[in-house]
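In this note's numbering, the protein residues as written are 21 to 371.
Note that CB positions come from ideal geometry on N, CA and C, so glycine has one too.
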Amino acid sequence: MFSKSIVVYDKDHKFLVNFYQYGADLKYGWTLNDIDTMEVSISLSDPKCTEENLRFGNHVEVFENSSPIWGGILFSRSFSDGAVKITCMDYSSYLKYLLCAEKAYSSMEYGSLMNQMILDSVAKWHLENSSKILSKKSIIATGALKTERETKSTDDLWDKIKEFGDDANYDYWVDVNRIFHFALRRGADKPQYMFEYGGDKDNIIVSPSLAQDIKSIKNEVLAQTDGDTPLTSIVWNQESINKYGLFVGTFSPNSGITSQSTLDTQTNGELQRNCYPADNITLTVRDSVMTQFQNLEVGDRVTLHIIPYFDYTATVRILRMVHTEATDTREITVGNVIFKPSVTTKRLYKR
């Protein structure tokens, strides 16, 4: 019926079945630094549609040309109209249902910290020989800033990874092969790929909504820790100030920070997230020479051109993609680049 197949494995990743016939509602997505889903309906009359094959916790992958392009864990089933609809969360959800080990981590790069947190959590819950761990050694980019952090036994592992990743806008995910990745910046600059509306090369098929404001902009940020000897950090982006005027904001850092460099890192991350207007847009895009779905991933920076909207042209980052198989289209959420090439100015104060 469709060009892709749905391959199912048990919780230990042993092959169970391959579905070539499935409902027209197949959709699957990827979200930058978060968990996304896949959903599809299987006819109850299909002899392969059994409780064993569609058991909670099974691994479900979408294959194209004999290679997996999406993978996750079956978390939900609903029955109606002679079919069962399953919903899966991608493999990053492995980390969502584990707690951290109680530990104080000495100074190390952020990527190494996340990797060690995963290893400690796996050891805490005695999961070394279970499918509830990553399949291979993590892929960790070097060159990240160093930090000292503490985790508690009641901390959710995925929430802590997100919290630490947000400190300096680092990226992290579990891929279709169940390998954990840490990147200083996921994706690549691909300005040759363009999403266009209102021109000769239209590939945006629905009129997009574009809302712009600077209500939440902060181009100078002040942060201060609690305690008897608080640390203070002030950073600003001169390029943004020159363009929009001065917008000063404060930032509440994570509790327990005792290192000036860690505070500086978090304050810089807050500035980079907020020093430019919020321009997130969701587009409905068809596959074309200028998009080439197979060559795009979340994190990539591409060109957006909306001619009727004051000839709006910008370099935007892909934040989310949801593929609809029946129409071979994608809903793609894009936003402005968080990391700007210009270096932010920084004043540091201690007292």
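Of the choices GLY163, CYS120 and ASP222, whose alpha-carbon is the least far from that of ASP307?
It is ASP222.
Restricting to runs no shorter than 3 residues, where is the beta strand (DSSP E) found entirely within the segment 156-207?
Listed in chain order, they are 166-171, 191-194 and 200-203.
Quick one: grab the DSSP three-state call for VAL226.
DSSP places VAL226 in coil when its eight states are reduced to three.
Beta strand (DSSP E) containing GLN212: first to last residue?
Where GLN212 is concerned, the enclosing beta strand (DSSP E) stretches over 209-217.
Do you know whose CA, among ASP176, GLN314 and LEU230, lies nearest SER113's CA?
The candidate whose alpha carbon is nearest that of SER113 is ASP176.
Have a look at VAL80 and SER132 and give me their C-alpha separation to the nearest angstrom.
VAL80 and SER132: Cα-Cα distance of roughly 29 Å.
Can you tell me where the alpha helix (DSSP H) holding GLY289 begins and where it ends?
Per DSSP, GLY289 belongs to the alpha helix (DSSP H) from 280-294.
Which complete alpha helix (DSSP H) runs does the segment 85-153 hold, if anything under 4 residues is left out?
DSSP runs (the alpha helix (DSSP H)) wholly in the segment 85-153: 130-144.
Excluding the 5 residues flanking LEU36 on each side, which residues of the same chain have their C-beta closer than 8 Å to its C-beta?
VAL28, TYR29, ASP30, GLU72, ASN73 and ASN78, listed in sequence order.
Is there contact between the segment 306-326 and the segment 334-346, where contact requires at least three CB pairs shorter than 8 Å?
The segment 306-326, when compared against the segment 334-346, does touch it at the 8 Å Cβ threshold.
Are LYS182 and MET137 touching if we call contact CB-CB under 9 Å?
It is not a contact, given that the beta carbons lie outside the stated cut-off.
Between which residues of its own chain and ALA164 is the CB-CB distance below 7 Å, once the five residues before and five after are set aside?
The answer, listed in chain order, is GLU129, TYR130, GLY131, TYR190 and LEU204.
Taking the beta strand (DSSP E) that GLU71 falls in, what are its first and last residues?
Per DSSP, GLU71 belongs to no beta strand (DSSP E) and is neither H nor E.
If you draw a straight line from the alpha carbon of GLN41 to that of ILE62, how long is it in whole angstroms?
Roughly 8 Å between the two C-alpha positions.
Express the C-alpha separation of SER275 and ASP56 in angstroms, rounding to a whole number.
Each residue's Cα considered, the two are about 29 Å apart.
Tell me, which residues are paired with MET341 by DSSP?
DSSP output for MET341 lists TRP50 and ILE352 as bridge partner(s).
If you reduce the DSSP assignment to three classes, tell me which class VAL357 lands in.
With a pLDDT of 43 at VAL357, under the threshold of 50, the predicted position of this residue should be treated as unreliable, though the coordinate-derived value follows. Coil, per DSSP.
Any chance the CB of TRP256 is under 8 Å from a heavy atom of the ligand SAH?
Among the components of this structure there are no ligands whatsoever, and the ligand SAH is therefore not found.
Just to confirm before moving on: does the CB-CB distance between LYS24 and GLU122 stay below 9 Å?
For LYS24 and GLU122, no; Cβs fall outside 9 Å.
Please name the residue in ALA188, GLU259, MET310 and LYS144 whose C-alpha comes closest to that of PRO273.
Among ALA188, GLU259, MET310 and LYS144, the Cα nearest to that of PRO273 belongs to ALA188.
Identify which residue in TYR125, GLU317 and ARG75 has its Cα closest to the Cα of THR378.
The question about residue 378 has no answer here: the residues shown for the chain are numbered 21 through 371.
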